[in-house]
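Written below as C-alpha cells is the structure these notes are about.
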Amino acid sequence: MKINMWEKLIVRFFIIWYICGVVLLTFDLLPPWLEWANVVFLVTAGTLGAIYFIKNYRSIGFFFTFLVFFAAMAAEHFGVKYGFLFGDYYYNSYFGPKLFDVPITIGFAWVLVISTSHVLANRVIPNAPILIKATLAALATVVLDLIIDPVAFIAKEYWIWEGTSFYYDIPMFNFYSWFGLSFLFHMVILLLSKNISPKENQYWEKNMYVLYGLMIGMFCMIAITAELYLALTVTIIPTLLLYLATLRSKEFLHDSSKKKQTV
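Shown next, in the form of C-alpha cells:
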C-alpha cells in the first residue's frame, strides 16, 4: 500500500517531539510556560492511533476511534466527579481544553493505548480466539498504566489521587477498571472487524508496535530519575515478555508458511 507524504511527516514530527519530551521530562527541564507541549504530544500520539485504525479497518476504524475517545472521556468524567472506576482523583496540570470536566487530550491518550495494545496482541497471538486476544490486549494496557500512573502522580503530579494503597497510593481498583474498560474496547473492535480483511498496512502496524515500546521507554526513563523502582520492575518484565512473544510468534508463522509451501 502506498504511504502518503503526510503520513510520513506526522510520524517524523512525533518522533522529534518524543525525543525532545524524553530529554525535557526525564531531567525535569520543562519550564512552566512550555506545559502546552504535553498537549501537542498526547494529541499527536492519539492521532497516530486513529490513523492506524482508519487505515486498517476503514469506516469501522473511524467509528471505533470515536467510540474509544468519547466512551473513555465519559468514564474519566465519572472518575473525576464521582470517584467511580478510577478512584478519587483530579487533574493538577494543564492538558488543554476540557470536556465532561476531563482534558480532551486524555481521550487521545486512550486511543493511543488501545491502538498500540491491539497491535501488540495481534502480533503475539494472531490466530487466537477473540476472547483470548482481547484479554491479552487488555493486560497490555494495564502494563502500560502500571508505569504511566506512578510517574504522572508521584514524579510529575499531573493528577492527584486522594487515598492510599501499597502501590504508590494509587487505588488498585484503578487498574481493575483499566483492564475492564480496555477489554470491552478490544472486544468491540475484534467483533466488528472479524468478518472483514484488514488492509495490508505494515507501515502503520509497525508504527503502533514500536510506539508501545516508546511509551514504555519514556516513562521508564522518568521513573529511573524519580527512583520508582517497583514501577520499573512490574512494567519492564511483562513488556519484555510481550515483545519476546511477538518474535516467537513471528518465527512460528514464518515456519508454518514455509511448511505449507513445501507440501
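Residue 242 in the UniProt record's numbering is what sits at position 242 of the sequence shown, and the numbering runs on without skipping anything. Backbone N, C-alpha and C define an ideal beta-carbon position, used for all residues, glycine too. Computed from a predicted model, the values in this text were never measured in an experiment.
- PRO103 carries a strand assignment under DSSP once its states are collapsed to helix, strand and coil.
- Within the model, the alpha-carbon separation for SER193 versus GLN202 is close to 17 Å.
- Cβ atoms of CYS220 and ILE237 stay farther apart than 8 Å, at about 12 Å.
- In this chain, the beta strand (DSSP E) harbouring TRP159 covers 159-161.
- Nearest to VAL210 by alpha-carbon distance, out of TYR94, ARG123, LEU85, TYR82, is ARG123.
- Distances from the alpha-carbon of LEU139 to those of GLY61, ILE54, TYR176 put TYR176 closest.
- By DSSP's assignment, TYR89 forms a beta bridge with TRP161.
- For TYR52, the enclosing alpha helix (DSSP H) has its first and last residue at 36-82.
- The bridge partners DSSP lists for LYS98 are PRO103.
- PHE62 is classed as exposed because its beta carbon has fewer than 16 other beta carbons within 10 Å across all chains shown.
- Selection TRP36, TYR52, ALA37 evaluated against VAL11 yields TYR52 as nearest (Cα-Cα).
- Shown here, ASN207 sits in a helix according to DSSP, grouped into three states.
- Contact annotation, ALA128 with HIS186: C-beta distance approximately 12 Å; criterion of less than 8 Å not satisfied.
- In this structure, ASP101 keeps its C-beta atom at 8 Å or more from the C-beta atom of GLY163.
- Contact annotation: ILE222 and THR26 have beta-carbon atoms nearer than 8 Å.
- Put simply, the backbone Cα of LYS81 is about 17 Å away from that of PRO97.
- Here DSSP, grouped into helix, strand and coil, assigns SER115 to helix.
- In the structure shown, PRO238 adopts helical secondary structure according to DSSP, grouped into three states.
- C-alpha of VAL188 to C-alpha of GLU205: approximately 19 Å in a straight line.
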